[in-house]
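Here's the structure we're looking at; comments come further down.
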């Protein structure tokens, strides 16, 4: 298992953005599900700040895979969340709970994450918070 990726997810579950950022290269490319690529730690931090305002999430059932001698990794997990504040263009937030499978892919260099790609089923999430 890739220790940097494990540390990244541990930090996520602890709500520790600074520890997440410590796992990233300065020029990290963050590929957001159904969004634009954000490059750099400042944009990653801003994304995390936004997510923390709108969502409270814990990742469970984590399985981390490693390949290419530690330069690539992937993870699958379940997102257990609460929708706290309405996110622009999405349904109204009313404290709805959701649970959905997701996955992330990573590139790593010199022990730091240089690329993060995250996928989940937005239609499934929308259905869950719209009920």
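Numbering (full-length UniProt numbering), first residue to last: 1 to 131. Every residue, glycine too, gets a C-beta built ideally from N, C-alpha and C.
Bridge partner(s) assigned by DSSP for residue i
i: residue 66; result: 73
i: residue 102; result: 77, 120
i: residue 30; result: 38, 116
i: residue 57; result: 81
i: residue 109; result: 112
i: residue 97; result: 82
i: residue 24; result: 113
Whole-number beta carbon distance between residue j and residue i, since they are thought to touch under 8 Å
i: residue 81; j: residue 107; result: No, residue 81 and residue 107 are not in contact; Cβ-Cβ is about 26 Å, not under 8 Å.
i: residue 9; j: residue 75; result: 7 Å
i: residue 91; j: residue 129; result: 5 Å
i: residue 113; j: residue 4; result: 6 Å
Among the options, nearest to residue i - alpha-carbon criterion
i: residue 133; options: 27, 60, 121; result: The chain is shown from 1 up to 131; residue 133 falls before or after that span and cannot be answered.
i: residue 50; options: 94, 130, 15, 123; result: 15
i: residue 94; options: 77, 66, 85, 100; result: 85
i: residue 58; options: 73, 78, 36; result: 78
i: residue 31; options: 44, 122, 126; result: 44
i: residue 115; options: 29, 123, 56; result: 29
i: residue 125; options: 39, 48, 55; result: 55
i: residue 87; options: 47, 131, 40, 22; result: 47
Beta-carbon contacts of residue i that lie in its chain and below 6 Å, excluding the five residues immediately before and after
i: residue 33; result: 118, 119, 120
i: residue 37; result: 29, 31
i: residue 19; result: 11
Close-in-space but distant-in-sequence residues of the same chain around residue i (CB under 8 Å, 5 per side omitted)
i: residue 109; result: 25, 71
i: residue 67; result: 73, 74
i: residue 53; result: 84, 85
Near the ligand FAD: residue i beta-carbon under 7 Å from a heavy atom
i: residue 43; result: Of the ligands one can find in the structure shown there are none, so the ligand FAD has no counterpart to examine.
Close Cβ partners of residue i (< 7 Å) along its chain, the five nearest in sequence each way excluded
i: residue 60; result: 77, 78, 80
i: residue 102; result: 77, 79, 118, 119, 120
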